[in-house]
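**Q** Quick one: this structure, given as C-alpha cells, is what I'll be asking you about.
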Amino acid sequence: MFEDDDEDDDEYEALYENGHWKWDDTINQLVFERQDDFASQIKTIFAPIEFKDDLDLMEQDIKDVALYTAPNTILTPTVVSILHMSTTDRFIRALILYFQYYLQTADLMAQRMLELESKVRTARSFKMELEMRDNLEDLRLLVAKEYCTIILGGAELRKFHHMGPNKKISSLSKKDALVFESVLRFCLQIVWLALGRQSFNQIELEIHRMFKSQLFNMIEHKMKTDYIARMAPYERFVLLGHCVQEKQKLNMLSPLLNEILCHRPMDFRMFALGTVKLPFSPPRLRFMEEALSMNERLFQKSGVTLGILGMPRSRFDTMLREIKLGSRSPTSSSSFRTKSMSRTSRVSMRKSTLAVGQKLYNDIDIPNKHYDKEWIPEEFPTQTARPSVCNPVQRQRWMARASRLSGRHVVRKNRNIRH
1 MFEDDDEDDD EYEALYENGH WKWDDTINQL VFERQDDFAS QIKTIFAPIE
51 FKDDLDLMEQ DIKDVALYTA PNTILTPTVV SILHMSTTDR FIRALILYFQ
101 YYLQTADLMA QRMLELESKV RTARSFKMEL EMRDNLEDLR LLVAKEYCTI
151 ILGGAELRKF HHMGPNKKIS SLSKKDALVF ESVLRFCLQI VWLALGRQSF
201 NQIELEIHRM FKSQLFNMIE HKMKTDYIAR MAPYERFVLL GHCVQEKQKL
251 NMLSPLLNEI LCHRPMDFRM FALGTVKLPF SPPRLRFMEE ALSMNERLFQ
301 KSGVTLGILG MPRSRFDTML REIKLGSRSP TSSSSFRTKS MSRTSRVSMR
351 KSTLAVGQKL YNDIDIPNKH YDKEWIPEEF PTQTARPSVC NPVQRQRWMA
401 RASRLSGRHV VRKNRNIRH
C-alpha cells in the first residue's frame with residue numbers, strides 16, 4: 001500500500017514545476033513553457049571546472065613567495081624595482097645554476113673523499129676534478145658578469161648607481177650598502193626556494209664568500225664553522241678554484257671579481273650570453289645561454305634543468321613546497337639527505353651527505369669545453385638579444401605594497417591592472 005503511494009509521488013509533477021513564464025505578444029498574455037531536459041541544462045551550467053594546474057613554475061612565482069615572506073624592513077620600492085629587471089633576472093638565474101651545480105659537486109667530492117680511504121687516486125681522478133673546477137669557475141664567471149652590470153649601473157640599472165644616474169662626485173655609500181644587502185638577502189631566499197628548500201646554510205656561506213670574500217664573510221664569523229679549513233685539499237681545489245687571491249684588507253677583491261681578472265683559458269663569448277646574439281655557439285655556450293634567457297615553459301622540452309623552474313605547478317603547494325604523495329619510510333628525511341658520511345670531508349653545515357630516494361630535479365650535465373679552435377669573428381656581433389620581460393602586473397602590485405609599507409604614494413602608469 002505504502003509502496004504504491006511512493007511510486008505515485010515519484011511520478012507526480014506539478015503543473016508549473018519544470019519550465020518558465022514568458023510574455024507572448026500574439027495573444028498578449030503570459031505563457032508557461034515547459035522545460036523537459038532541465039536536468040541536462042543544469043549539468044551544462046555546472047560543468048566541472050578545470051583549473052590550470054599544468055602550468056609551469058616561473059621565476060616570478062619564486063620571487064612572489066620571497067617577497068611575500070620577506071620582512072617589511074627590507075621590502076622597499078627600490079629593491080622591488082631592481083628585482084624586476086632583465087639584468088637581475090639573468091643574475092638570479094646564474095646564481096641558481098651555479099649553486100645547483102655547486103651542491104651537486106660538493107656531494108660528489110664528499111663521496112670521492114670517502115672513497116679515498118679505501119681506493120687509490122689515478123690520473124683520471126685529477127682529470128675529472130679539473131673538469132668540475134673549470135665548470136664551477138665558468139658558472140661563477142656568469143654570475144660575475146651580471147653582478148658587474150648591476151654595480152656599474154649598466155642597462156636599466158643606471159638610476160640605481162651608488163653615485164646617482166648622472167655619476168656625480170658624491171657617493172651614496174650608505175644607501176647603496178642597504179640596497180646591496182637587501183638584494184643579496186632576496187637572492188639568497190630565491191635561490192634556496194628554487195633549489196627545493198635544501199642546504200640553506202651552505203648556500204648562505206658560499207654566497208657571502210663569493211660577494212664579500214672569506215675575510216669579510218659575516219655569516220662565517222657568526223657561525224664559526226671554519227668549513228674551508230676543514231675541507232680536504234682536493235675539495236678546495238675543485239670548489240674554490242685557483243683564482244682566489246689573498247691580499248691585504250684594503251686591496252681585497254671579491255672572488256667574483258677575481259674570476260674576471262683571473263689568468264686562465266676562457267671563452268670570452270660568455271660575457272655576451274643573454275645580451276648579444278652570437279652567430280655560432282658551441283653546445284656548452286648554448287646550454288648556458290638557454291639557462292640564462294630561455295622561457296621556463298621550454299625547459300623540459302630542451303632538457304634544461306634549473307632547480308624547480310619549468311616543473312609542473314601541480315607538484316607544489318602555494319608556498320612552493322613539494323606535495324609528497326604516499327607514505328615514506330621512517331628512516332628517510334624530508335630533505336632527501338642522510339647522516340654524515342665522512343670524517344675527512346666536511347664541506348658545509350649539512351656535513352657532506354649522500355642523496356637518497358628520488359631527487360626533486362635532475363643533476364646538471366654541462367657540455368665539455370674545447371680549446372682546439374679559437375673563435376675569432378670577422379667583426380663583433382652587434383645584434384642584441386631580446387631581453388626577458390618581467391611581469392608588469394606583479395611588479396606594480398609589489399611596488400604598491402612596498403610603498404604602503406614605507407609610507408609613500410605610487411602613481412600607477414598601468415591603469416588596467418586588476419587587483
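Mapped onto UniProt numbering, the consecutive letters of the sequence shown carry residue numbers 1 to 419. Glycine included, every Cβ here is placed at the ideal spot set by N, Cα and C.
1) Please state whether the Cβ-Cβ distance between residue 308 and residue 196 is less than 9 angstroms.
2) Please check the pair residue 213 and residue 254, which I expect to be a contact at CB under 8 angstroms, by giving their CB distance rounded to whole angstroms.
3) At which residues does the beta strand (DSSP E) containing residue 32 begin and terminate?
4) Locate the beta strand (DSSP E) running through residue 22, then write down its first and last residues.
5) Would you report the Cα separation of residue 156 and residue 85, rounded to the nearest angstrom?
6) Residue 217 to residue 206, Cα distance in whole Å?
7) When the Cα atoms are used, what is the spatial distance from residue 63 to residue 280?
8) Using the three-state DSSP reduction, which class does residue 379 fall into: helix, strand or coil?
9) If you follow the alpha helix (DSSP H) that residue 97 is in, where does it begin and where does it stop?
10) Would you call residue 303 buried or exposed, if buried means 16 or more other Cβ atoms sit within 10 Å of its Cβ?
11) Between the Cα of residue 258 and the Cα atoms of 270, 28, 243, which residue gives the shortest distance?
12) If you run the structure through DSSP and keep just helix, strand and coil, what is residue 191?
13) Per DSSP, what kind of secondary structure is residue 69 in: helix, strand or coil?
14) So, with DSSP's three-state summary, where would you put residue 384?
15) Which same chain residues, not among the five before or five after residue 384, have their C-beta less than 8 angstroms away from its C-beta?
16) Round the Cβ separation of residue 190 and residue 287 to the nearest angstrom and send it over; I've been treating them as touching at under 8 angstroms.
17) Helix, strand or coil: which one does DSSP assign to residue 283?
18) Between the C-alpha atoms of residue 233 and residue 400, what's the straight-line distance to the nearest angstrom?
19) Closest by CA to residue 238, which one among 192, 102, 61?
20) Classify residue 204: buried if its beta carbon has 16 or more other beta carbons within 10 angstroms, exposed otherwise.
21) Note the first and the last residue of the continuous alpha helix (DSSP H) segment covering residue 358.
22) Using alpha carbons as the reference points, say which of 208, 153, 161 lies closest to residue 184.
23) By a C-beta neighbour count over all protein chains shown, 10 Å radius and 16 as the cutoff for buried, is residue 145 buried or exposed?
24) Label residue 129 either buried or exposed according to how many other C-beta atoms from any shown protein chain fall within 10 Å of its C-beta, with 16 as the threshold for buried.
25) Whole angstroms are fine: how far does the CA of residue 323 sit from the CA of residue 54?
26) May I ask which residues mark the beginning and end of the alpha helix (DSSP H) holding residue 301?
27) Enumerate in chain order the residues of its own chain whose CB-to-CB distance from residue 31 is below 8 angstroms, with the five nearest sequence positions on each side excluded.
**A** Taking the coordinates as given:
1) In the sequence shown, the residue the question calls residue 308 occupies position 308. In the sequence shown, the residue the question calls residue 196 occupies position 196. Yes, they are a contact pair.
2) For the purposes of this step, residue 213 is taken as the residue at position 213 of the sequence shown. For the purposes of this step, residue 254 is taken as the residue at position 254 of the sequence shown. The pair is a contact, with the Cβ atoms about 5 angstroms apart (cut-off 8 angstroms).
3) As a working mapping, residue 32 is identified with position 32 in the sequence shown. Membership of residue 32 in the beta strand (DSSP E) is indicated by the continuous run 29–34.
4) Within the sequence shown, numbered from 1, the residue matching residue 22 stands at position 22. Per DSSP, residue 22 belongs to the beta strand (DSSP E) from 19–24.
5) For this step, residue 156 is matched to residue 156 along the sequence shown. For this step, residue 85 is matched to residue 85 along the sequence shown. C-alpha separation (whole angstroms): 7 angstroms.
6) As a first step, residue 217 must be located in the sequence shown, where it is residue number 217. As a first step, residue 206 must be located in the sequence shown, where it is residue number 206. In a straight line, the C-alpha of residue 217 is about 9 angstroms away from that of residue 206.
7) As a position in the sequence shown, residue 63 is number 63, starting the count at 1. As a position in the sequence shown, residue 280 is number 280, starting the count at 1. Going by the C-alpha atoms only, they are around 33 angstroms apart.
8) The residue you call residue 379 lines up with position 379 of the sequence shown. Coil at residue 379, not helix or strand.
9) On the sequence shown, position 97 is the one that residue 97 refers to. Where residue 97 is concerned, the enclosing alpha helix (DSSP H) stretches over 86–115.
10) What you label residue 303 is simply residue 303 of the sequence shown in a count that begins at 1. Sixteen is the threshold: since fewer than 16 other Cβ atoms of the shown chains lie within 10 Å of the Cβ of residue 303, the residue is exposed.
11) Here residue 258 refers to the residue found at position 258 of the sequence shown. Among 270, 28, 243, the Cα nearest to that of residue 258 is on 243.
12) Stepping through the sequence shown from its first residue, residue 191 is reached at position 191. Helix, per DSSP.
13) Counting from one through the sequence shown, the residue named residue 69 turns up at place 69. DSSP places residue 69 in coil when its eight states are reduced to three.
14) Reading the sequence shown from its first residue, position 384 is the one you call residue 384. Here residue 384 sits in strand by DSSP.
15) Counted from its first residue, the sequence shown places residue 384 at position 384. Within its own chain, the residues whose Cβ lies closer than 8 angstroms to the Cβ of residue 384, once the five positions on either side in sequence are excluded, are 275, 276, 277, listed in chain order.
16) Taking the sequence shown and counting its residues from 1, one reaches residue 190 at position 190. Taking the sequence shown and counting its residues from 1, one reaches residue 287 at position 287. Their Cβ separation, rounded to whole angstroms, is 21 angstroms, which puts residue 190 and residue 287 out of contact at 8 angstroms.
17) The sequence position of residue 283 within the sequence shown is 283, counting from 1. Helix.
18) Within the sequence shown, the letter at position 233 stands for residue 233. Within the sequence shown, the letter at position 400 stands for residue 400. Distance between the alpha carbons of residue 233 and residue 400: 50 angstroms.
19) Counting from 1 along the sequence shown, the entry for residue 238 is found at position 238. Comparing Cα positions, the closest option is 102.
20) Locating residue 204 in the sequence shown gives position 204, where the first residue counts as 1. Buried, by the Cβ-count rule.
21) By 1-based counting over the sequence shown, the position of residue 358 is 358. Where residue 358 is concerned, there is no enclosing alpha helix (DSSP H), given that its DSSP letter is neither H nor E.
22) Walking along the sequence shown from the start, residue 184 turns up at place 184. The shortest C-alpha separation from residue 184 is found at 208.
23) Locating residue 145 in the sequence shown gives position 145, where the first residue counts as 1. Its Cβ being crowded by 16 or more others within 10 Å, residue 145 is buried.
24) Residue mapping note: residue 129 aligns to position 129 of the sequence shown, counting from 1. Residue 129 counts as buried, since at least 16 other C-beta atoms from the protein chains shown sit within 10 angstroms of its C-beta.
25) Against the sequence shown, residue 54 aligns to sequence position 54. Against the sequence shown, residue 323 aligns to sequence position 323. Low per-residue confidence applies at residue 54: pLDDT is 44, beneath 50, and the placement is therefore not dependable, though the value from the model is reported in the following sentence. Rounded to whole angstroms, residue 54 to residue 323 spans 14 angstroms at the Cα level.
26) Start at 1 with the first residue of the sequence shown, and residue 301 comes out as number 301. That run of the alpha helix (DSSP H) goes 299–302.
27) Looking up residue 31 in the sequence shown gives position 31. Hits under 8 angstroms: 21, 22, 23, 24.
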